[in-house]
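A.B. asks: Those letters in the sequence shown? Residues 1 to 301, per full-length UniProt numbering, in order.
Glycine included, C-beta positions come from ideal geometry on N, C-alpha and C.
Because the structure is a prediction, the values reported are computed rather than measured.
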Amino acid sequence: MTRHDEQFVRYLRAKESVDDRALHRPTLAHLIDSLEARAESRPDEPLRVVSVGSGTGAMCRRLLSWGVFDTHDEIKYIMVDRKQGMADQAAAAFAEWSHGAGWTAEPTADGFRIERHGRSVSLTYVTSDLFDAMTVLPQAIDLVIAHAVLDILPLRRAVKALLSRLTDGGLLYAPVTFDGRTSFRPAHEADTEIIDAYHDTMRDDERSGPDTGSDLFSVLPALGAPVVAAGGADWVVHPPHEDDERIFLDRILGFVEESLTDADRVADEPLDDWLKARHEQLASDELSYIAHNIDVLAQRE
Ligand SMILES: C[S@@+](CC[C@H](N)C(=O)[O-])C[C@H]1O[C@@H](n2cnc3c(N)ncnc32)[C@H](O)[C@@H]1O
Numbered sequence: 001m002t003r004h005d006e007q008f009v010r011y012l013r014a015k016e017s018v019d020d021r022a023l024h025r026p027t028l029a030h031l032i033d034s035l036e037a038r039a040e041s042r043p044d045e046p047l048r049v050v051s052v053g054s055g056t057g058a059m060c061r062r063l064l065s066w067g068v069f070d071t072h073d074e075i076k077y078i079m080v081d082r083k084q085g086m087a088d089q090a091a092a093a094f095a096e097w098s099h100g101a102g103w104t105a106e107p108t109a110d111g112f113r114i115e116r117h118g119r120s121v122s123l124t125y126v127t128s129d130l131f132d133a134m135t136v137l138p139q140a141i142d143l144v145i146a147h148a149v150l151d152i153l154p155l156r157r158a159v160k161a162l163l164s165r166l167t168d169g170g171l172l173y174a175p176v177t178f179d180g181r182t183s184f185r186p187a188h189e190a191d192t193e194i195i196d197a198y199h200d201t202m203r204d205d206e207r208s209g210p211d212t213g214s215d216l217f218s219v220l221p222a223l224g225a226p227v228v229a230a231g232g233a234d235w236v237v238h239p240p241h242e243d244d245e246r247i248f249l250d251r252i253l254g255f256v257e258e259s260l261t262d263a264d265r266v267a268d269e270p271l272d273d274w275l276k277a278r279h280e281q282l283a284s285d286e287l288s289y290i291a292h293n294i295d296v297l298a299q300r301e
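1. Alpha carbon to alpha carbon, what distance is there between R82 and Y125?
2. Is the region 52 to 60 close to the region 85 to 96, with three or more CB pairs under 8 Å?
3. If we count Cβ pairs, one from each stretch, closer than 8 Å, do we get three or more for the region 112 to 120 versus the region 173 to 184?
4. Quick one, which of Y11, Y173 and I152 has its alpha-carbon nearest D211's?
5. Would you report the Cα separation of R185 and H4, rounded to the nearest angstrom?
6. Mind checking whether the beta-carbon of L12 lies closer than 7 Å to any heavy atom of ligand 1?
7. Take Q139 as the anchor and find which of D191, G170 and D272 has the nearest alpha-carbon.
8. Is F178 helix, strand or coil when you go by DSSP?
9. Once DSSP output is grouped into helix, strand and coil, what is the label at R3?
10. With a cut-off of 5 Å, give the chain-ordered residues whose Cβ is closer than this to any heavy atom of ligand 1.
11. By the three-class DSSP mapping on this structure, what secondary structure does D129 have?
12. For V50, I'd like the list of residues in its chain whose CB is within less than 6 Å of its CB, leaving aside the five on either flank, ordered along the chain.
13. Thinking C-beta only, is F217 closer than 8 Å to V228?
14. Can you tell me whether DSSP reads M202 as helix, strand or coil?
15. Could you check the C-alpha separation between S208 and D196 for me, to the nearest Å?
16. When we look at the beta-carbon of P175 and count the other beta-carbons within 10 Å, is it buried (16 or more) or exposed?
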């Protein structure tokens, strides 16, 4: 992994507590109810889950910790991420987590098998572009999870690929999908220019754009998967900051800087002034940040 990748991994780990607070609980409750119904209708079959753009596997660890899969004794969970080295990061995070949570863990050829109180989870890591991975998986997936990733993918193509592997009645859970609003406080005179330009960098042929969360409400039903539950999952980070929040905010400022520098959309001076002010506010524990995200649960017809 490059230094930049390591920085990204630190950001993903720091983001876990921000996401923990943000996730829309009624949507999660609907997911739990749907999985319970699935367990009752097919009690002898393992639950098959695929997580795309899974990063360090935070969502899998979280859903297991929060008891979301508790109605199933056997779970087969595949994590797909295209970044080389991410599988090792996920494995390290799992080893630490499973030990602390009282699961016995056994490494397998491409992942882990963990067991606790008669329940087992086989975790498989796949390093691949999700579009390639989707072509080789059987159409037997009960739940696809796309956590904080649809907004960086071509939306219709991605949703089509993900739905194509679901069983009839299978679920697509897309938590923390960005939806077009970013704010920093205290206010700065360059905010509108910087933030509009930052959102504009999200518009290209390879990315869904800044309004992906809202767009899901038309794309999913059009592709045969009506939305069954949804709600806001905003990131709200304000002082005083925990250590993780400082790492998280520092990287968010890094994303703004890198995307605007690459895109050459804002003159150097206002961008430099804005970044300097934001980093100073971060150092003096004054910076607040809000990003509007949406959690969506859809069910294939
Ligand atoms: C913003 S991160 C989110 C990671 C994780 N879901 C989380 O929220 O902690 C997006 C992840 O998607 C992965 N990714 C982006 N495009 C992908 C693609 N086409 N196929 C597979 N993984 C992809 C990136 O490598 C990155 O790890």
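C.D. replies: To lay it out plainly:
1. Here the alpha carbons of R82 and Y125 stand approximately 10 Å from one another.
2. The region 52 to 60 vs the region 85 to 96: in contact.
3. Between the region 112 to 120 and the region 173 to 184 there are fewer than three C-beta pairs closer than 8 Å, too few to call the two in contact.
4. Nearest in C-alpha terms to D211, of all of Y11, Y173 and I152, is I152.
5. Distance between the alpha carbons of R185 and H4: 27 Å.
6. Yes; taking the cut-off as 7 Å, the Cβ of L12 has a heavy atom of ligand 1 nearer than that.
7. Taking Q139 as reference, the option from D191, G170 and D272 with the minimal CA-CA separation is G170.
8. Here F178 sits in strand by DSSP.
9. Note: R3 maps to helix in three-state DSSP.
10. Going by the Cβ distance cut-off, the answer is L12, G53, G55, A58, D81, R82, K83, D129, L130, H147, A148 and V149.
11. The answer is coil: DSSP assigns D129 none of H, G, I, E or B.
12. Cβ neighbours of V50 within its own chain (closer than 6 Å, five residues either side excluded): I78, I141 and V144.
13. Contact: no.
14. The answer is coil: DSSP assigns M202 none of H, G, I, E or B.
15. The C-alpha of D196 is placed about 16 Å away from the C-alpha of S208.
16. P175 counts as buried, since at least 16 other C-beta atoms from the protein chains shown sit within 10 angstroms of its C-beta.
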